[in-house]
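Residue numbers (the UniProt record's numbering), protein chains in the order written: chain A, 1 to 329; chain B, 1 to 405.
Beneath this line is the structure, given in structure tokens, with notes to follow.
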Amino acid sequence: MSRVSYECIERLYRKELLPEVTIKALCFKVKEILLKESNVVYINSPITVVGDVHGQFYDLIEIFKIGGYCPDTNYLFLGDYVDRGMFSVEVITLLICLKIRHPERVYLIRGNHESRQITQNYGFYSECIRKYGNAEPWYYFTEMFDYLILGAVIDDSIFCVHGGLSPNVHTIDQIKVVDRFREIPHEGAMADLVWSDPDDENGSFSLSPRGAGYTFGIDVVRKFLKMNSMDKILRAHQLCNEGYQVYFGGLVTTVWSAPNYCYRCGNKASVMEIYNKDEYYFNVFEEAPENSQQWEQPDILAEQVSSNIGFRQNVNVDQLKGQHVDYFL
Amino acid sequence: MSNNTNKTNQNPQAHGIEDPVFAVPTKLPPNQGIHTIQVNAAREMFATTVRARGPPPTLISTTRPIDSKEPPVNNLGTFLPPNASRVSSKATPVSKPVHNQHQHNHEREIENLNIQVPAKNHNDSKCTNPQCNHCGTVIIPSPVASFPLEETPSISIGDWEIYTTKKPILNSDEIDYYTDILNLPLPEMIFGHNKVEIVNRSKNFKFNFNTIDSLKLVENQKDEIKEVLKVAHSEKWFESRLDKTEDVKEVLKPYDWTYATNYKGSTNLEFQPSEEIQIPLNKLKQPDPILFFDDMVLFEDELADNGISLLNVKIRVMPERLLILSRFFLRVDNVIFKIKDTRVFVEFKENLVIRSYKEQEAKYSDILVKVNPMSGDPRACLRDQNWIATKLPIIKEENEFIRLE
């Protein structure tokens with residue numbers, strides 16, 4: 001398998017799609033590896049922590065170019081590999097191949113987008129159908145998502161998670177006993193870990209006005225860190241213009257790794273390179289130059305539609321290339 | 001003019017490669033299923049932005065006299081852009097401006113209208129309009145797609161000046177500043193500097209669509225909020241919570257988390273309501289040349305992945321008139337759809353400004369049943385604003401106008 005995965009990695013670096021049978025085999029293999037991992041894994045520095053990627057393949061390659069390729073650099077990914085970007089399939093396939101090839105050097109945490117329900121709404125499902133002509137690869141991938149870990153601890157001092165804290169979780173040991181091999185539920189500890197956001201105004205947990213979900217404040221962060229003898233929390237999940245954001249005087253840090261998010265936000269991105277407990281820095285970067293070229297590929301343009309009201313019949317590539325204005329009404 | 005995009009003709013996909021170990025994945029045959037529907041709003045919006053940046057390979061109607069002949073109307077009741085059928089199969093890719101395809105006789109038609117690019121009061125150093133190397137004519141906002149995305153194109157026609165501004169999302173200091181001013185957690189993607197502005201100095205008229213003003217109309221006081229929407233799984237979520245909430249002390253300050261704004265633009269003059277005066281659609285259906293076009297997002301929030309809330313503004317300027325469409329689009333998954341459209345129409349010579357406002361709304365389930373069940377990916381339809389707009393019933397409509405003296 002490792003020989004095959006080596007060849008897969010070579011192909012994926014070139015942004016080639018792997019065939020459906022290979023996807024099936026890779027997902028099976030990576031599940032075998034993930035099954036052995038605890039809900040919360042303990043890892044050591046030096047390590048580079050990567051936030052949301054969201055299918056921005058060229059920007060993921062940019063991260064490897066900047067931070068070093070596997071296995072020369074250890075990587076911890078904080079989740080949200082798919083949806084929104086154009087190349088979710090390529091991104092997640094590459095990441096699981098790297099995990100198979102270097103299981104001790106690459107760790108993949110689950111984000112809220114690694115879920116059946118969310119991927120149907122935000123593009124990954126559509127992308128699988130578009131690229132493979134059927135939903136089978138999507139089934140393989142989402143099955144595999146159920147095996148991803150929920151958190152990690154670096155050097156016994158930095159707790160890493162996709163979203164944040166939960167009022168149902170006081171200790172890291174409580175996370176370890178959660179049954180994680182399932183779709184992300186709407187409620188409970190597992191949901192909160194991938195969904196919640198820090199909030200400056202309120203010290204404790206607050207309910208979101210949406211009617212579901214929490215924000216967590218400085219008091220509960222202090223309590224959690226003290227109870228678990230941790231120094232700080234590292235998470236992703238929220239877009240920030242600078243590529244990272246520091247909360248509560250450094251107790252909580254957001255790492256965001258999708259530059260020019262959705263190819264139009266104009267934001268920077270960063271990865272956090274950790275050398276030891278006290279020595280770390282943010283490597284801030286901007287979008288990969290290939291992003292602006294991808295729009296000239298006919299197969300991508302063909303899927304775009306004129307935004308004319310109701311103007312929805314089959315649009316051919318040449319029309320789209322020439323059509324820069326829109327006679328909207 | 002800068003054009004920093006290097007083109008490559010290679011196809012990065014694996015389709016051409018033959019390898020016994022790696023069978024080539026089958027590709028979706030053309031014209032099957034739903035693949036003409038946009039993959040999601042973000043991709044569509046980006047493509048629109050990219051399209052808007054490049055000048056068209058041919059100036060649409062320079063060779064076509066402006067007449068009142070009706071353009072072809074498709075079966076959905078809208079009309080096809082005149083260039084759609086006329087673009088040659090060798091059209092140039094989006095980001096490459098092609099000047100030699102301009103036909104330099106457009107001065108003939110539009111000279112007497114006193115068109116200036118950039119607008120006559122635009123600070124020259126900031127204007128990024130692309131200009132035709134041959135005649136200096138500028139049609140469309142800047143093709144510069146490099147980082148940071150910052151564009152401030154403009155045009156003036158007679159006394160009318162049109163400016164647009166596009167910048168990246170706000171940084172964290174700006175977000176803190178506006179969060180305090182607006183007393184509201186800001187949307188996830190907040191393009192706080194984006195703006196579409198029209199000015200007529202001789203008549204002392206100013207009108208613009210901007211992000212901050214639009215958010216001022218979002219309800220942020222408890223007693224203001226008429227209808228409290230909750231996400232689909234809210235009830236179940238609360239039930240599961242009841243006995244274990246000792247740490248949860250406060251409910252976050254309530255506000256309309258869907259950002260449903262009924263913003264109709266910011267202006268310095270009063271509009272008069274009117275039953276009779278309406279935007280003349282027949283004039284807008286004429287295939288007039290589009291001298292200036294822009295399309296931008298003011299804010300967007302994916303409601304913690306419970307749907308989407310999006311405010312988008314686009315503008316097209318023709319020699320004799322302009323149209324702005326500001327559309328607020330809301331989808332709360334398994335709950336509701338809302339669309340709030342504001343259209344602003346200006347007839348330059350008559351100094352007439354008409355504003356029409358329209359609200360549409362329906363339950364999510366009512367729209368879901370209208371999706372073709374054979375499509376294989378029904379959610380894709382529910383991401384298509386234009387399709388939704390044709391399905392939602394209208395619940396409110398009003399027209400106003402100003403005739404500038």
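The beta-carbon is built from N, C-alpha and C at its ideal position, and this holds for glycine as well.
Selection from the options that minimises the alpha carbon distance to residue i
| i | options | result |
| --- | --- | --- |
| Val49/A | Lys36/A, Gly213/A, Thr73/A | Thr73/A |
| Leu78/A | Asp155/A, Gln56/A, Lys131/A, Ile109/A | Ile109/A |
| residue 330/A | Phe87/A, Glu37/A, Ile154/A, Leu150/A | Lying outside 1 to 329, the shown extent of chain A, residue 330/A is not represented and no answer is given. |
| Asp180/B | Val196/B, Asn220/B, Lys195/B | Asn220/B |
| Tyr255/B | His233/B, Val332/B, Pro185/B, Lys370/B | Pro185/B |
| Lys24/A | Met144/A, Arg182/A, Asp200/A, Ala152/A | Met144/A |
| Pro209/A | Ala304/B, Tyr177/B, Tyr178/B, Asn200/B | Ala304/B |
| Leu382/B | Glu350/B, Asp333/B, Phe348/B | Asp333/B |
| Pro103/A | Arg130/A, Ser115/A, Tyr75/A | Tyr75/A |
| Ala288/A | Tyr280/A, Glu279/A, Ala258/A, Lys277/A | Ala258/A |
Residue i vs residue j beta-carbon contact at 8 Å
| i | j | result |
| --- | --- | --- |
| Thr261/B | Leu229/B | no |
| Leu12/A | Cys97/A | yes |
| Lys166/B | Glu188/B | no |
| Val344/B | Ile367/B | no |
| Leu352/B | Arg316/B | no |
| Leu251/A | Ile218/A | yes |
| Arg327/B | Lys264/B | no |
| Ala135/A | Tyr125/A | yes |
| Phe159/A | Ile92/A | no |
| Ile308/B | Phe337/B | no |
| His170/A | Met230/A | no |
| residue 440/B | Ile339/B | With chain B covering 1 to 405 only, the question about residue 440/B has no answer from this structure. |
| Met190/A | Leu234/A | no |
| Ile115/B | Ile162/B | no |
| Arg321/B | Phe292/B | no |
Assigned secondary structure, residue i (DSSP; H/G/I helix, E/B strand, else coil)
| i | result |
| --- | --- |
| Phe401/B | strand |
| Gln117/A | helix |
| Lys230/B | coil |
| Val21/A | helix |
| Tyr13/A | helix |
| Val169/A | coil |
| Thr257/B | According to the sequence as given, residue 257/B is Trp; it is not Thr. The answer is coil: DSSP assigns Trp257/B none of H, G, I, E or B. |
| Cys160/A | strand |
| Tyr281/A | strand |
| Gln245/A | strand |
| Leu108/A | strand |
| Phe271/B | coil |
| Lys31/A | helix |
| Val389/B | The residue asked about is misnamed: residue 389/B is Ala in this sequence, not Val. Of the three classes helix, strand and coil, the one that applies to Ala389/B here is helix, per DSSP. |
| Gly151/A | strand |
| Asn260/A | coil |
| Glu273/A | strand |
| Thr211/B | helix |
| Glu151/B | strand |
| Phe328/A | coil |
| Asn200/B | strand |
Close Cβ partners of residue i (< 7 Å) along its chain, the five nearest in sequence each way excluded
| i | result |
| --- | --- |
| Glu290/A | Tyr58 |
| Gly55/A | Val82, Asp83, Arg84, Gly85, Met86, Phe87, Ser88, Val91 |
| Arg86/B | Since pLDDT at Arg86/B reaches only 33, below the 50 mark, its modelled position is unreliable, and no value is offered. |
| Gln10/B | In this predicted model, Gln10/B has a pLDDT of only 44, less than 50, meaning its place in the structure is not dependable; the value taken from the coordinates is given anyway. So no residue of the chain qualifies. |
| Val246/A | Thr253 |
| Trp387/B | Cys381 |
Proximal residues to residue i (C-beta, below 8 Å), its chain only, five neighbours per side dropped
| i | result |
| --- | --- |
| Asn112/A | Gly79, Asp80, Ile118, His162, Gly163, Ile184, Val194, Trp195, His237 |
| Asp173/A | none |
| Ile66/A | Val271, Asn283, Phe285 |
| Cys8/A | Leu18, Thr22, Leu26, Thr93, Cys97 |
| Ile149/A | Leu34, Glu37, Ser38, Asn39, Val40, Val41, Tyr107, Leu108, Ile109, Arg110, Arg180 |
Same chain, Cβ closer than 6 Å to residue i, five either side skipped, listed in chain order
| i | result |
| --- | --- |
| Trp278/B | Trp is not the amino acid found at residue 278/B; the sequence shown has Gln there. Once the five neighbours on either side are set aside, the close Cβ partners of Gln278/B are Asn399. |
| Gly268/B | The sequence as given places Asn at residue 268/B; Gly does not occur at that position. Counting only Cβ-Cβ distances below 6 Å, and skipping sequence neighbours, we find Lys206. |
| Ile100/A | Ser5, Lys29, Val30 |
| Val231/B | Asn306 |
Any non-hydrogen atom of the ligand GDP within 7 Å of residue i CB
| i | result |
| --- | --- |
| Pro185/A | Ligands displayed in this structure: none; no statement on the ligand GDP is therefore possible. |
Short CB-CB distance (under 8 Å) between residue i and chain C
| i | result |
| --- | --- |
| Leu303/B | Included in the structure are the protein chains A and B, with no chain C among them. |
Alpha helix (DSSP H) runs contained entirely in the stretch 34-104 of chain A, provided each spans 4 or more residues | 57-67, 88-101
Ignoring anything shorter than 3 residues or poking outside the stretch 158-197 of chain B, list the beta strand (DSSP E) runs there in chain order.
-> 160-165
Every unbroken beta strand (DSSP E) inside the stretch 171-241 of chain A [3 residues or more] = The DSSP assignment places 205-207, 214-216, 232-235 as complete runs of the beta strand (DSSP E) inside the stretch 171-241 of chain A, in order along the chain (cut-off: 3 residues).
Enumerated in chain order, which unbroken segments of the beta strand (DSSP E) with a length of 3 residues or greater are wholly contained in the stretch 286-372 of chain B?
-> 292-301, 307-317, 321-332, 336-347, 352-363
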